[in-house]
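Peer 1:
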Amino acid sequence: PSTPRESARRAPAHRRSRMSGVVSCLTSPACSYCCGGLSAFAVVFLLGLSSLFRANYPYLPSEWKVEGGGENQHEIAARNCFLTALIYGGFLGLSLMCCVNNKARGRTL
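-8 is the number of the first residue of the sequence shown in our numbering; add one for each residue after it.
Below you can see the structure in the form of structure tokens.
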């Protein structure tokens, strides 16, 4: 039994069931493993690419450079790759938390 005020704040039943389906899909074991694997790959790849840019690796193609850009374009690219790796690292942490949560709740693939 809920008061009229509480029922007015609740979302309609069809909307709640749709949202719960989306949430359960996004927190499923398969989704958390997939997100974790892709994020781990991205972190390793971007950190490697960042170190190549930082070292001004001579065999990188020149298509990534901006016309009329300064001499420090490789430093900017290295920093951007590193920051993107940090963002993917955050997603890796969140997906690992989902994996731990799924294991604690007994959810399996």
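Even for Gly, the Cβ is constructed at its ideal location relative to N, Cα and C.
Between C26 and V14, what straight-line distance do the alpha-carbon atoms span, to the nearest angstrom?
Peer 2: The alpha-carbon atoms of C26 and V14 are separated by roughly 15 Å.
Peer 1: Nearest to R98 by alpha carbon, out of E58, S19 and P49?
Peer 2: Ranking the options by Cα distance to R98, first place goes to S19.
Peer 1: Could you give the uninterrupted runs of the beta strand (DSSP E) lying entirely in the stretch 31 to 77, keeping only those of 3 residues or more?
Peer 2: If we require 3 residues or more, the stretch 31 to 77 turns out to have no beta strand (DSSP E) run fully inside it.
Peer 1: Suppose you measure from the CA of L38 to the CA of V57; what does that come to, to the nearest Å?
Peer 2: Each residue's alpha carbon lies about 22 Å from the other.
Peer 1: Using DSSP with H/G/I as helix, E/B as strand and the rest coil, what is L87?
Peer 2: Of the three classes helix, strand and coil, the one that applies to L87 here is helix, per DSSP.
Peer 1: Which one of M10, G12 and L29 has the shortest CA to CA distance from L85?
Peer 2: Closest by alpha carbon: L29.
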